[in-house]
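Structure first, commentary second.
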Amino acid sequence: MEKLYTGVVRLVLHWRKFPSLRYRKLIRVAYHIINKKYSDYPERWLFMVTKDLTWQVATSVAPEGQAQIWELRGLDPSPEETWDHLRAFLHLDEDDLQAMLGTIEPLFQRGYDLIVENYAYLEAFPETAALLGWSGGADPQHLAERRRFFAVWLARTLGLDFSHDFARYLFRAGQVHAGHGRRRLHIPSLYVVGSIALMTAAFARILEQAEVRTDVQLRALAGWNKVFILHLQMMLQGYRSALALTEGEEKVKVTVYGRLRSLIGCDTLEIGFYSGQSVLEVLRKFFNYYPHARSETLEIVWESQHHDDARGNPWMEVERIYRPRAGWRVLRNGRDIAFMTEDQWRLEGADQVAIFPPGR
Ligand code: HEM
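As C-alpha cells, then:
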C-alpha cells in the first residue's frame with residue numbers, strides 16, 4: 514500500500530504531464546481513496562491538488578491562434594427523454610393501460626361535449642375570456658380553431674398515444690402558450706395546470722354518469738391522472754424554454770445557416786440576455802428551445818464526477834456535456850468563439866451571433 518501511496522502522490526505531483534482529463538480524474542479519485550485510509554496524509558496536499566484539478570475542469574483558454582473546444586453543460590433533457598423518464602417514474606404500466614382501455618368508449622362518446630364545455634368554461638371565466646379576447650363573446654373562427662386543436666389532443670390522449678412525436682407536440686404546445694404561437698397569445702401556466710385538473714374531474718364525471726363499475730373507474734382514473742401529469746410536464750417544459758428564450762434586459766440577434774434553418778423553421782431569431790452574460794448562455798437557451806437541433810450541431814461527451822456523500826462514501830455522478838460537432842462554428846460579431854478567450858464571450862447590446870455548419 515505504501516508503494517501505491519507514493520505512486521499516486523508522484524502521479525498527482527506530475528499531473529501536468531497527463532493531457533487527458535480522464536487520467537487526472539482517476540488520479541483524484543485514487544487520491545481520495547488513499548487519503549481516507551491514511552488520515553495522516555497532509556491536508557494541504559489534498560487542498561492543493563484538488564484546487565489544481567478543479568482548475569483543469571474549467572474550460573481552458575486557448576493560446577493565441579489555437580482553437581479551444583467550447584462546451585455546453587446543464588442543458589435540459591430533450592422532450593423525449595423527459596417523457597420516457599417521467600413515464601417510468603410514474604410507473605404507467607400495463608395494469609394502468611388495461612384499466613384505461615375499459616373506459617375509452619364512454620369517454621369517446623362524450624368527447625365532443627367535453628370539447629364544447631371546455632371552451633364554454635374558458636369563455637365564461639372572466640380572466641381566461643380576457644386572455645383569449647372573448648370578453649364580449651368568443652370569436653367564432655378562433656373558437657373553431659381552439660376546438661380543433663383540443664380535439665386532436667383529446668383524440669391522441671384517448672388513443673393512448675405514447676409516441677415521442679406526441680411528446681414533442683406537447684412541448685411545442687407549451688411554447689405556443691407562452692406567446693410563441695401564430696396568435697402571440699400568452700396563456701399563463703396557471704390556466705393550463707387548472708385545465709388539466711378540470712379534465713381529470715370531467716373524466717371522473719363522465720365515467721360516473723356512464724355507470725362504469727366503481728373499481729374500474731378508480732383504477733382507470735389513476736391511470737388517466739398519470740397521463741395528464743405526463744402531458745402537463747411536457748407543456749410546462751416547453752413553456753419554460755420559451756420564457757427563458759426571451760428573458761433578459763437585452764436581445765442578441767442569432768442567425769443560423771444550413772440545415773439548421775429547416776430544422777428550426779426560421780433563419781434568424783432574437784434571444785434575450787442580461788448584460789455580461791456569455792454567448793454560451795444564449796446557446797443554452799437556443800438548444801433548450803430547439804432540442805431537436807442538438808443532434809445536428811452538437812455531440813455528447815459524458816463526464817464522470819466523483820463526490821463523497823454525507824457519510825463520506827465515494828459516489829459517481831455522470832454529467833452530459835455537449836460539444837460542437839466537427840466543423841460547426843459559432844461566431845460572435847463575425848469571430849469564431851473557439852478563438853476567443855472566455856472574457857470575449859461576454860455579450861453586449863448590439864451583438865450578433867451566427868451558427869455555421871461545416872464548410873461555410
Ligand atoms: C389541457 C390543457 C391544454 C391543452 C392540452 C392545450 C393544447 C393546445 C395545443 C395542442 C395548442 C396548439 C399548439 C400549436 O399551435 O401547435 C394550443 C394552443 C393554444 N392554446 Fe391551449 N391547451 C390547453 C389549455 C389551454 C388554456 C387553458 C387556454 C386558454 C385559457 C389555451 C389557449 C390556447 C391558445 C390561445 C392557443 C393558440 C396560441 C397562439 O396560436 O398564439 N390552452 N393549446
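Position 278, counted from 1, in the sequence shown is what the working numbering calls 791; the numbers after and before it change by one each time, with no gaps. By construction, the Cβ of each residue, glycine as well, lies at the ideal position given by its N, Cα and C atoms.
Same chain, Cβ closer than 6 Å to residue i, five either side skipped, listed in chain order
i: Leu635; result: Thr641
i: Gly862; result: Glu763
i: Gln746; result: Leu599
i: Gly840; result: Pro871
i: Ser754; result: Asn801 and Tyr802
i: Ile843; result: At residue 843 the sequence reads Val, which differs from the Ile that was named. So the list reads Ile850 and Ile868, once near-sequence residues are dropped.
i: Ala651; result: Glu636
i: Met853; result: none
i: Leu667; result: Gly624
i: Gly771; result: Pro870
i: Glu593; result: His677 and Ala680
i: Pro688; result: Pro is not the amino acid found at residue 688; the sequence shown has Gln there. Gly751 and Ala755, listed in sequence order.
Residue of the options minimising C-alpha distance to residue i
i: Asp821; options: Glu830, Pro837 and Val814; result: Glu830
i: Glu812; options: Gln579, Leu585 and Gln581; result: Leu585
i: Pro804; options: Arg726, Ala680 and His690; result: Ala680
i: Arg807; options: Asp589, Gln579 and Ser817; result: Asp589
i: Leu673; options: Ser702, Met613 and Pro837; result: Met613
i: Arg685; options: Gly587, Leu756 and Tyr632; result: Leu756
i: Thr670; options: Val843, Arg838, Trp737 and Pro871; result: Trp737
i: Glu607; options: Ala839, Ile719, Ala733 and Pro827; result: Ala733
i: Leu743; options: Arg842, Leu703, Thr759 and His677; result: His677
i: Gly649; options: Val706, Ala637 and Ala715; result: Ala637
i: Gln730; options: Val740, Phe716 and Lys739; result: Phe716
i: Phe799; options: Leu773, Ser788, Arg824 and Ala823; result: Leu773
i: Val629; options: Pro653, Leu683 and His604; result: Pro653
i: Leu683; options: Phe741, Asp609 and Pro619; result: Phe741
i: Glu809; options: Val706, Leu776 and Phe621; result: Leu776
i: Leu874; options: Val665, Phe675, Gln579 and Val706; result: The structure shown does not extend to residue 874, since the chain spans only 514 to 873, so no value can be given for it.
Near ligand 1: residue i beta-carbon under 7 Å from a heavy atom
i: Met712; result: yes
i: His744; result: yes
i: Ile709; result: yes
i: Tyr704; result: yes
i: Val740; result: no
i: Val629; result: no
i: Gly825; result: no
i: His690; result: yes
i: Gly778; result: no
i: Thr641; result: yes
i: Leu644; result: yes
i: Leu698; result: yes
i: Lys686; result: First, the amino acid is wrong: residue 686 is Ala here, not Lys. Indeed, a heavy atom of ligand 1 lies less than 7 Å from the Cβ.
i: Leu635; result: yes
i: Phe679; result: no
i: Phe799; result: no
i: Arg659; result: yes
i: Gly694; result: yes
i: Trp666; result: yes
i: Phe716; result: no
i: Phe675; result: no
i: Phe663; result: yes
Residues of its chain near residue i, where Cβ-Cβ distance is below 8 Å and the 5 sequence neighbours each way are ignored
i: Thr768; result: Asp780, Thr781, Gln865, Val866, Ala867 and Ile868
i: Gln790; result: Gly761, Arg859 and Leu860
i: Val795; result: Val765, Val767, Ile784, Phe786, Leu860 and Val866
i: Ile834; result: Glu584, Leu585, Arg586, Ile813, Val814, Trp815 and Glu816
i: His699; result: Leu644, His690, Ala691 and Gly692
i: Tyr632; result: Ala651, Leu656, Arg659, Arg660 and Phe663
i: Ile582; result: Arg836, Pro837 and Ala851
i: Gly615; result: Val725, Val729 and Ala733
i: Pro484; result: Shown here, the chain extends from 514 to 873; a query on residue 484 therefore has no answer.
Those residues which DSSP pairs with residue i across a bridge
i: Ala867; result: Thr768 and Leu844
i: Ala691; result: His699
i: Gly649; result: Gly649 is not bridged to any residue.
i: Leu605; result: Paired residues: none, contrary to the question.
i: Ile813; result: Tyr835
i: Arg586; result: Ile834
i: Pro827; result: Asp821
i: Phe786; result: Glu763
i: Asp849; result: Leu844
i: Thr781; result: Thr768
i: Arg859; result: Ser791
Other residues of its chain near residue i: CB distance less than 7 Å, five sequence neighbours each side excluded
i: Gln722; result: none
i: Arg623; result: Ile719
i: Ile617; result: Leu671
i: Leu793; result: Trp583, Leu585 and Trp858
Interface flag, residue i vs chain C, CB-CB below 8 Å
i: Thr616; result: No chain C appears in this structure, which consists of one protein chain only.
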